[in-house]
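Engineer: Heads up, the sequence shown is in the working numbering, so the first residue is 798 and it goes up one at a time.
Positions of the beta carbon are idealized from the N, C-alpha and C atoms, including for glycine.
This structure is a prediction, so every number in the text was calculated from the model and none was measured.
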Amino acid sequence: MNKKLIVENLSVSFRTVTGKVRAVRNISFDLNKGETLAIVGESGSGKSVTTRAIMGILAGNAIVEDGKIIYDGEDLLKITEEEYHEIRGKKIGMIYQDPLSSLNPIMRIGKQITEGLLLNGYHLKNKIEKLYNKERVAYLVTKRDIRSLKEKIAENKKNKEPYNDLKKQIAELKKQLPTAKKTMKIAKKKATKVVMNEYNEQKAKYHEEIKEIRRNPEGLEPKVVKEKISNKKEELRRIKKVTKKEAKERALEVMREVGIPQPEKRFKQYPFQFSGGMRQRIVIAIVLTANPDILICDEPTTALDVTIQAQILELIKKLKEERGLTVIFITHDLGVVANVADRIAVMYAGKIQEIGTNEEVFYDPKHPYTWALLGSMPDLTSKEKLITIPGTPPDMRFPPKGDAFALRSEYAMKIDFEEQPPMFKISDTHYAASWLLHKDGPNIDKPTILDERIERMKVMTEELKKEMEKELNTDEKQFEV
Ligand SMILES: Nc1ncnc2c1ncn2[C@@H]1O[C@H](COP(=O)(O)OP(=O)(O)OP(=O)(O)O)[C@@H](O)[C@H]1O
Ligand SMILES: [Mg+2]
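1) Mind checking whether the beta-carbon of N1155 lies closer than 7 Å to any heavy atom of ligand 1?
2) Identify the continuous alpha helix (DSSP H) that holds G1132 and give its terminal residues.
3) Sorry if obvious, but does the Cβ on G841 come closer than 7 Å to a heavy atom of ligand 1?
4) Mind checking F1069: buried by the 16 CB within 10 Å criterion, or exposed?
5) At the level of alpha carbons, what is the spacing between S808 and A1229?
6) Going by beta carbon distance, what residues of the same chain come within less than 8 Å of E879, once the five residues before and after it are set aside?
7) Please classify K844 as buried or exposed, where buried requires at least 16 neighbouring CB atoms within 10 angstroms.
8) Since I892 and V1084 are thought to touch, with beta carbons under 8 Å apart, how far apart are those beta carbons, to the nearest angstrom?
9) Hey, which residues come within less than 7 Å of ligand 2, measuring from Cβ to any heavy atom, in chain order?
10) Can you tell me whether DSSP reads M1210 as helix, strand or coil?
11) How long is the line joining the alpha carbons of I851 and S810, rounded to whole angstroms?
12) With hydrogens ignored, establish whether the beta-carbon of A1100 is closer than 7 Å to any heavy atom of ligand 1.
13) How about the stretch 1128-1145 and the stretch 1158-1167: do they share at least three Cβ pairs that are nearer than 8 Å?
14) Here's a check: name, in chain order, each residue in its chain whose Cβ is nearer than 6 Å to the Cβ of E1096, leaving out the five neighbours to either side.
15) Measure the alpha-carbon distance for I1184 versus D827 and round it to whole angstroms.
16) State the DSSP-derived secondary structure class of I1109, mapped to helix, strand or coil.
17) For the alpha helix (DSSP H) containing Q999, list its first residue and its last residue.
18) Taking all protein chains shown into account, do 16 or more other C-beta atoms lie within 10 angstroms of the C-beta of E1050, making it buried, or fewer, making it exposed?
19) Any contact of the stretch 829-839 with the stretch 1114-1126, i.e. 3+ C-beta pairs under 8 Å?
20) Is it the case that the Cβ atoms of I1091 and L873 are separated by a distance below 8 Å?
21) Apart from the five residues on each side of it in sequence, which residues of its chain come closer than 7 Å, Cβ to Cβ, to Q1065?
22) Which value, in whole angstroms, describes the spacing of the CA atoms of L1122 and R1078?
23) CA-CA distance, E1156 and T1245?
24) With a CB to CB cut of under 6 Å and the five nearest residues on each side skipped, what residues in its chain are close to V846?
25) What are the start and end residues of each continuous alpha helix (DSSP H) run of 4 or more residues lying completely inside the stretch 825-896, in chain order?
26) Does the beta-carbon distance from G1199 to F1221 come in below 8 Å?
27) With a CB to CB cut of under 7 Å and the five nearest residues on each side skipped, what residues in its chain are close to S840?
28) Starting from D1090, trace the alpha helix (DSSP H) both ways and give me its first and last residue.
29) Label G816 either buried or exposed according to how many other C-beta atoms from any shown protein chain fall within 10 Å of its C-beta, with 16 as the threshold for buried.
30) Can you give the Cα-Cα distance for Q999 and I983, rounded to whole angstroms?
31) Do V1137 and L1101 have their beta-carbon atoms positioned less than 8 Å apart in this structure?
32) Quick one: give me the first and last residue of the alpha helix (DSSP H) that K907 is part of.
33) Out of L915, A988, R944, point me to the one whose CA is closest to K1038's CA.
34) Give me the Cα-Cα distance between T911 and S825, rounded to the nearest whole angstrom.
35) In whole angstroms, what is the alpha-carbon distance linking E883 and V992?
36) Based on the DSSP secondary-structure assignment, which residues constitute the bridge partners of R812?
Below is the structure:
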């Protein structure tokens, strides 16, 4: 399957004392394997909420109203908490909007990188769990279903709706529970036996080998013998779990991969001894230790200055290429996007307003909101803004009936205030939700004021690309201690 992630009709709201905030409204997009999708939009447009929904880490007052999030063919909104733990943070890694808060200021960097490796590195335990996973999940799903039925009953009680049927369903599930538990226990016992037998055989083999080294038939020096034995013992330990030594080796490797000079020395240091850019690299290293196949970056460069930004972007690009990562890259800064994204989704008021390839959205934008975003982006050289977007985004407790951008758009028509525009197809990869694109619409093209800027942007993007590559090669030294 080529699609790594599919988000379908996802809607997320938040309960607040003053009403329901419709943060994400019926959005759909997908990600091909190895592709980078950038999500851009003003503050509050729902970018972080979208990715937090994917990660399963929405705030407590969130309600996923509807939708599917399909990862490798499985709906993440349907699987159990336990399965989700397996995917979140392992298969899908995330770099948060505020990267520095993801580091512990009083813990050495090395420990922070190895922590996850050690915690998840119990190979035998993991193997056993995998073997009886089906029975484990069946038991957990039954328990979860009982829990959610109970919640439903409570809600029905509150709304004075009938709930006897639900009670019957609970009774039925409760009847199944002991069998499910027993089946799980039997499966676990069997799995443990299989895995431990295999391990014990390996262990016996290692003990034989150690005995042989100890016998020292070649008459080696005692120091060499001792080292050989110690290596064999370490090998055996590594079958059981990720050892401290192994975790350190892997941490140093990944530190090197993300461009941290002198990793052995850096391993023992604290976050305050690192520059902002280097700290961001550490955060990325921590995420990479789990070997994710999707990397979500929520504004990973906003807090950094321009040169360092370029380096981090280049690093993300490199990792994507070398590891075959699929990336979701969030930013409100369109200038950043051109160099990293394969496709761009423009979000406004909880909706995707336009989505297309990098070229389509940058050079042939169709939605007035995208025009406004492009025009309001400070020019790279003159710093001038062509257009300032008037007004403010709508209050999402009361989402507008029609096109959410109509109130701020000089192109708004009557229908924009009345009816939600559908996603009009422009090409196989390019869609935009604007009534301007309707076949009977006024057929307005982007403001000509943007044309020249777009032309200049094409040139600049090329220049910036070269600059980024140059920076990356020369800049590492300045961080050495
Ligand atoms: N826990 C919450 N309770 C209530 N409303 C929330 C909560 N979390 C987010 N929201 C609201 O959801 C909307 C979308 O927020 P989100 O954080 O996704 O914006 P964003 O696009 O990431 O913006 P930024 O660029 O500022 O990070 C906003 O209106 C926000 O106020
Ligand atoms: Mg955000």
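Structural biologist: Let me spell this out:
1) No, the beta carbon of N1155 sits no closer than 7 Å to any heavy atom of ligand 1.
2) 1131-1134
3) Because some heavy atom of ligand 1 lies under 7 Å away, the Cβ of G841 counts as near it: yes.
4) exposed
5) 19 Å
6) Sequence-distant Cβ neighbours of E879 in its own chain, meaning closer than 8 Å and more than five residues away, are R933, V934, L937.
7) buried
8) I892 to V1084, Cβ: 6 Å. Contact.
9) Chain-ordered list of matching residues: K844, S845, Q894, D1095, E1096, I1127.
10) M1210 carries a coil assignment under DSSP once its states are collapsed to helix, strand and coil.
11) 14 Å
12) no
13) yes
14) If we look at E1096 and ignore the five residues flanking it on each side, its Cβ neighbours are Q894, I1127, T1128.
15) 31 Å
16) helix
17) 961-1012
18) exposed
19) yes
20) For I1091 and L873, no; Cβs fall outside 8 Å.
21) Correcting the residue type first, residue 1065 is Lys in the shown sequence and not Gln. Here the set comprises R905, G907.
22) 16 Å
23) 18 Å
24) V809, A820, V821
25) 844-852, 878-884
26) no
27) H1129
28) In the DSSP assignment, D1090 falls outside any alpha helix (DSSP H) and carries neither an H nor an E.
29) exposed
30) 25 Å
31) no
32) Here residue 907 turns out to be Gly, not Lys, going by the sequence shown. Per DSSP, G907 belongs to the alpha helix (DSSP H) from 906-916.
33) L915
34) 36 Å
35) E883 and V992: Cα-Cα distance of roughly 20 Å.
36) K817
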